[in-house]
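Q: Mapping the sequence shown onto our numbering, position 654 (from 1) lands on 1644, and the numbers just tick up by one.
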Amino acid sequence: MCGIAGLMRREPRGVDVDILLRMIAVLRHRGPDGYGVFTGSQVGLAHARLSIIDVTGGAQPLTNEDGRIAVTFNGEIFNYVELREELAAAGHTFRTRSDTEVLVHGYEQWGHSLVERLNGQFAFAIYDGRDRSLFLARDRFGIRPLFYCLMDGNLWFASEAKALFATGAIEASPDLAGLDEVFTFWAARAPRTVFEGVSQLEPGSFGVWREGSLRLSRYYSLDYPEAREEVPGAIDQLDSLMRGGVQLQMRSDVAVGGYLSGGLDSSITCALAAGMSPFSLRTFSVSFEDPRFDESAFQRLVAAEIASTHAVQMISRTEIGDVFPDVIWHTETPVVRTAPAPMFLLSRLTAENGVKVVLTGEGADELFLGYDLFKETAVRTFCLRQPHSARRPRLFDRLYPYLLGPGTGGGEMWRRFFLEAGPLDDPLFSHLPRFGLTSRIKDAYSEATRAALSGHDSMEELREALPPAFYTWSELNRAAYLEMTTLLPGYLLSSQGERMGMAHSVEGRYPFLDHRLFEFSAGLPTRSKLRGLREKDILRRWAAPILLQSVGGRGKQPYRAPDVPAFFHANQPGYVEEVLGEASIARVGLFDGRAVAGLVRRCRAGQATGFRENQAFVAILSTQLWHQEFIDGSRTVIPQPIEGADVVLHEMQSREFQTDR
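(1) Per DSSP, valine 1347 is paired with what?
(2) Look up aspartate 1387 in the DSSP assignment and say whether it is helix, strand or coil.
(3) Skipping 5 residues on each side, what residues in its chain have a beta carbon closer than 7 Å to that of phenylalanine 1581?
(4) Please report the straight-line C-alpha distance between aspartate 1023 and arginine 1039, rounded to a whole angstrom.
(5) Helix, strand or coil: how does DSSP classify glycine 1068 here?
(6) Using DSSP's beta-bridge definition, name the partner residues of aspartate 1118.
(7) Just to check my reading of the structure: leucine 1472 and serine 1420 have Cβ atoms closer than 8 Å, yes? What is that Cβ distance to the nearest angstrom?
(8) Quick check: the region 1605 to 1622 against the region 1160 to 1176, are at least 3 beta-carbon pairs closer than 8 Å?
(9) For asparagine 1561, does the count of other Cβ atoms within 10 angstroms reach 16, so buried, or fall short, so exposed?
(10) Since valine 938 is in the alpha helix (DSSP H), which residue starts that stretch and which ends it?
(11) Which class does tyrosine 1025 belong to by DSSP, given the choice of helix, strand or coil?
(12) Starting from threonine 1371 and walking both ways along the alpha helix (DSSP H), at which residues does that stretch end?
(13) By DSSP, does proline 1164 sit in helix, in strand, or in coil?
(14) Under 8 Å between the Cβ atoms of alanine 1261 and lysine 1526?
(15) For arginine 1468 versus proline 1417, is the C-beta spacing smaller than 8 Å?
(16) Pull up the DSSP beta-bridge partners for serine 1195, would you.
(17) Between phenylalanine 1028 and phenylalanine 1063, how many whole angstroms is the CB-CB distance? I'm expecting something under 8 Å.
(18) If you draw a straight line from the alpha carbon of phenylalanine 1647 to that of glutamate 1641, how long is it in whole angstroms?
(19) Sort Pro1215, Arg1182 and Val1496 by Cα distance to tyrosine 1249 and report the nearest one.
(20) I'd like to check one pair, phenylalanine 1358 with isoleucine 1621: are the Cβ atoms closer than 8 Å?
(21) Using a Cβ-Cβ cutoff of less than 7 Å, which residues in the same chain neighbour serine 1088 once the five nearest sequence positions on both sides are dropped?
(22) Any chance you could list the alpha helix (DSSP H) runs of at least 4 consecutive residues sitting entirely within the region 1554 to 1591, in chain order?
(23) Cα separation between threonine 1328 and phenylalanine 1607?
(24) For asparagine 1467, write down the residues that DSSP places opposite it in a beta bridge.
(25) Alpha carbon to alpha carbon, what distance is there between valine 1317 and arginine 1521?
(26) Under 8 Å between the Cβ atoms of isoleucine 994 and serine 1149?
(27) What are the start and end residues of the beta strand (DSSP E) that includes leucine 1140?
(28) When the Cα of leucine 1414 is compared with those of Gly1344, Leu1466, Thr1428 and Glu1186, which residue comes out closest?
(29) Could you tell me which residues DSSP pairs with alanine 1148 in its beta bridges?
(30) According to DSSP, is valine 1005 part of a helix, a strand, or is it coil?
(31) Report yes if the C-beta distance between glycine 1498 and valine 1348 is below 8 Å; otherwise report no.
(32) Buried or exposed, going by whether 16 or more other CB atoms sit within 10 Å of the CB of aspartate 1056?
(33) Identify which residue in Val1246, Leu997 and Glu1216 has its Cα closest to the Cα of leucine 1514.
(34) Quick check on the DSSP output: the alpha helix (DSSP H) that includes glycine 1034 runs from which residue to which?
(35) For aspartate 1118 and phenylalanine 1372, what's the separation of their Cα atoms in angstroms?
(36) Return the Cβ separation of alanine 1156 and valine 1627 in integer angstroms, given the expectation that the two are a contact with Cβ distance under 8 Å.
See the structure below:
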């Protein structure tokens, strides 16, 4: 895991190395172990390194033997050992033990089709001096970020948007359509971002810049070729994929730890990793002083069972409010929940314990239908087949008992929220309740925001972007696709995942997002994954021998954190009143002052207890903080000193002219 940045100029007028050193300066949290630059008449590449593989020899940017091909790379190529052997057999000579060098020689050997051979999580840029082109690529599921801006034929790119703004050539301004998507889907959908003129490369895509133009292509698309029956031996296939995937992602020259939530997915990951580690696995978790959110008892059970060395970050609501501005600096986008803040604190704990790499359980719910949303979709479909039934909606009482008062049933509430959310034939059927609830944030839009967004419909744009194959899949697989392409890459893997880890130079790895495991799960009958209201059925059947029954048999516990209560208490942070004050709301202009003032009064009085108001408050607060940080002004950026660079390389210099400092 690292930070990458650079540019390609349309005209050969050179690249100021100071620009590259400014870009990399704001990315040093992603790569504190070293940095380097590569420059030429049209090209500039920069790199901030978090050393994981070939700690002493993998400095970047890295070139081939004659210096004509150079790469700056963020992420990991897990099958680099096998690819290296294949490339060496084809005649390529390696001078490092890094996975990065596989990209250089792989590009020489296979060109753009290199990406189809990679098993990993990556974002990289390869400069080809033979035709003065730049090849950008991002992994299949969007684990690693890659932002770019094409301006006057010049291409700027970076791991984070803040590096683009550090150049002084690109100004940060809001993209209202991108913000509207955050307030619908929890994140802007690639290629859109919340910054006007700044795009993100889509997951499973690559781009080729040449002579001032950028051509985008997709190399991987999600598909759900659902089988009618579960094939004999499916459990054995799952066993091979799970064990092989974890073993592959344990490849590292530094210690690999694990995040342990106490749920099924992280428990599986940590149990497998503990069995493969030559040392006691280091595991890390968060616990909450509020018992409604705390899972520490299950975390301790699993840690004891797998004999891991366990560390816990206790989270108070005070701490969430204290770190929230830093969280927004790293997410670079508004959020609708405070859940990223505990992950920010968890990665800090992990770094303080000297661990750079952790395995996590993200992706399992999307692959094996683990979320309540999937059960909800099945129940809604069941109810709407007999829309006048009074008994069928009672299934929601079993699904969401924690939303009910003592001795009550959901009754008319379920009907209004779930059964009147939209028709079965709407392609977004599965997600309409969530999208509708989140969209209530827009009730607080100012008149100017409403006018600017007139004619824009985030959900209609999503409908129009769905692939033709979508309409051939079952309702549950449609729901899985929507999760994989909206919430997962933009929020769970980014705001709540990658950005929070990299804030403290901690790399997350996701064994469930091995593309081979996804393809296996996508081919299963949905009833192998959701059997009645039992989620992740096949995963539970497979995992039964390796997990405690108390963990393997427990239902899905959604990860949540305190929202409104984190900002209103005896020691509440002072910035809340400042950024939500009348003057600040009016100056930013995105929200209606009276609506915000009313919401703040309810929050302060402890009356904002529902999901709708909690989401609205966090969304408005984070948007104001985001605007203050990125739009109103920018932090002073001091370039990294060229004298401290590990690599300083100029185009067409051969290997011996590389400066290792």
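Here a beta-carbon is modelled for each residue, glycine too, at the ideal position from N, C-alpha and C.
For clarity, every value in this text was computed on a predicted model and none was experimentally measured.
A: The short version:
(1) As a first step, residue 1347 must be located in the sequence shown, where it is residue number 357. Valine 1347 is bridged to Val1246 and Glu1497.
(2) Mapped onto the sequence shown, residue 1387 falls at position 397. Three-state result, aspartate 1387: helix.
(3) For the purposes of this step, residue 1581 is taken as residue 591 along the sequence shown, with counting starting at 1. Answer for phenylalanine 1581: Ala1434, Tyr1435, Ser1436, Ile1575 and Ile1610, listed in chain order.
(4) In the sequence shown, counting from the first residue as 1, residue 1023 sits at position 33. In the sequence shown, counting from the first residue as 1, residue 1039 sits at position 49. One C-alpha to the other measures close to 5 Å.
(5) For the purposes of this step, residue 1068 is identified with residue 78 of the sequence shown, where counting begins at 1. Looking at the sequence itself, residue 1068 is phenylalanine, so the reference to glycine does not match. Coil.
(6) As a first step, residue 1118 is located in the sequence shown; it is residue number 128 there, counting from the start. Partner(s): Ile1059 and Ser1123.
(7) By 1-based counting over the sequence shown, the position of residue 1472 is 482. By 1-based counting over the sequence shown, the position of residue 1420 is 430. So it is a contact: roughly 6 Å between Cβ atoms.
(8) With a cut-off of 8 Å, the region 1605 to 1622 and the region 1160 to 1176 count as touching, because enough Cβ pairs lie within range.
(9) Here residue 1561 is taken as the residue at index 571 of the sequence shown, counted from 1. The residue is exposed, with fewer than 16 neighbouring Cβ atoms inside 10 Å.
(10) The structure shown has nothing for residue 938, since the chain only spans 991 to 1651.
(11) Here residue 1025 is taken as the residue at index 35 of the sequence shown, counted from 1. Strand, per DSSP.
(12) Your numbering for residue 1371 matches position 381 in the sequence shown. Per DSSP, threonine 1371 belongs to the alpha helix (DSSP H) from 1362 to 1374.
(13) As a working note, residue 1164 is residue 174 in the sequence shown. If DSSP states are grouped into helix, strand and coil, proline 1164 belongs with the strands.
(14) For the purposes of this step, residue 1261 is taken as the residue at position 271 of the sequence shown. For the purposes of this step, residue 1526 is taken as the residue at position 536 of the sequence shown. Not a contact, by the Cβ cut-off of 8 Å.
(15) Indexing the sequence shown from 1 puts residue 1468 at position 478. Indexing the sequence shown from 1 puts residue 1417 at position 427. Yes, these two residues count as a Cβ contact at 8 Å.
(16) If you number the sequence shown from 1, residue 1195 lands on position 205. Note: serine 1195 sits in a beta bridge opposite Arg1208.
(17) Here residue 1028 refers to the residue found at position 38 of the sequence shown. Here residue 1063 refers to the residue found at position 73 of the sequence shown. About 12 Å; that fails the 8 Å criterion.
(18) The residue labelled residue 1647 in the question sits at position 657 within the sequence shown. The residue labelled residue 1641 in the question sits at position 651 within the sequence shown. With a pLDDT of 36 at phenylalanine 1647, under the threshold of 50, the predicted position of this residue should be treated as unreliable, and no value is reported.
(19) Reading the sequence shown from its first residue, position 259 is the one you call residue 1249. The shortest C-alpha separation from tyrosine 1249 is found at Val1496.
(20) Working through the sequence shown from its first residue, we reach residue 1621 at position 631. Working through the sequence shown from its first residue, we reach residue 1358 at position 368. No, the pair does not count as a contact, with Cβ atoms beyond the cut-off.
(21) Residue 1088 sits at position 98 when you count from the first residue of the sequence shown. Same-chain partners within the cutoff: Ile1043, Asp1044, Gly1047 and Gly1048.
(22) 1565 to 1569 and 1572 to 1578
(23) As a working mapping, residue 1328 is identified with position 338 in the sequence shown. As a working mapping, residue 1607 is identified with position 617 in the sequence shown. One C-alpha to the other measures close to 10 Å.
(24) Taking the sequence shown and counting its residues from 1, the one referred to as residue 1467 is at position 477. Paired residue(s): none; asparagine 1467 is not in a bridge.
(25) By 1-based counting over the sequence shown, the position of residue 1521 is 531. By 1-based counting over the sequence shown, the position of residue 1317 is 327. Their Cα atoms are separated by approximately 38 Å.
(26) On the sequence shown, residue 994 is found 4 positions in, with the first residue counted as 1. On the sequence shown, residue 1149 is found 159 positions in, with the first residue counted as 1. Their beta carbons are under 8 Å apart, which means isoleucine 994 touches serine 1149 by this criterion.
(27) Taking the first residue of the sequence shown as position 1, residue 1140 is located at position 150. Its beta strand (DSSP E) spans residues 1137 to 1141.
(28) Taking the sequence shown and counting its residues from 1, one reaches residue 1414 at position 424. Taking only the C-alpha atoms, the option nearest leucine 1414 is Leu1466.
(29) Here residue 1148 corresponds to residue number 158 of the sequence shown, with the count starting at 1. Answer by DSSP bridge pairing, in chain order: Ala995 and Phe1137.
(30) As a working mapping, residue 1005 is identified with position 15 in the sequence shown. If DSSP states are grouped into helix, strand and coil, valine 1005 belongs with coil.
(31) Within the sequence shown, the letter at position 508 stands for residue 1498. Within the sequence shown, the letter at position 358 stands for residue 1348. Yes; because the gap between Cβ atoms is below 8 Å, this pair is in contact.
(32) Working through the sequence shown from its first residue, we reach residue 1056 at position 66. With fewer than 16 other beta carbons inside 10 angstroms of its own, aspartate 1056 counts as exposed.
(33) Residue numbering aside, residue 1514 sits at position 524 when the sequence shown is read from its first letter. If we check each option's Cα against that of leucine 1514, Glu1216 comes out closest.
(34) On the sequence shown, residue 1034 is found 44 positions in, with the first residue counted as 1. First-last for glycine 1034: 1033 to 1039, but that is the beta strand (DSSP E), not the alpha helix (DSSP H).
(35) Here the question's residue 1118 lines up with position 128 in the sequence shown. Here the question's residue 1372 lines up with position 382 in the sequence shown. Spanning the two alpha carbons is a distance of roughly 56 Å.
(36) As a position in the sequence shown, residue 1156 is number 166, starting the count at 1. As a position in the sequence shown, residue 1627 is number 637, starting the count at 1. Correct: roughly 5 Å between the Cβ atoms.
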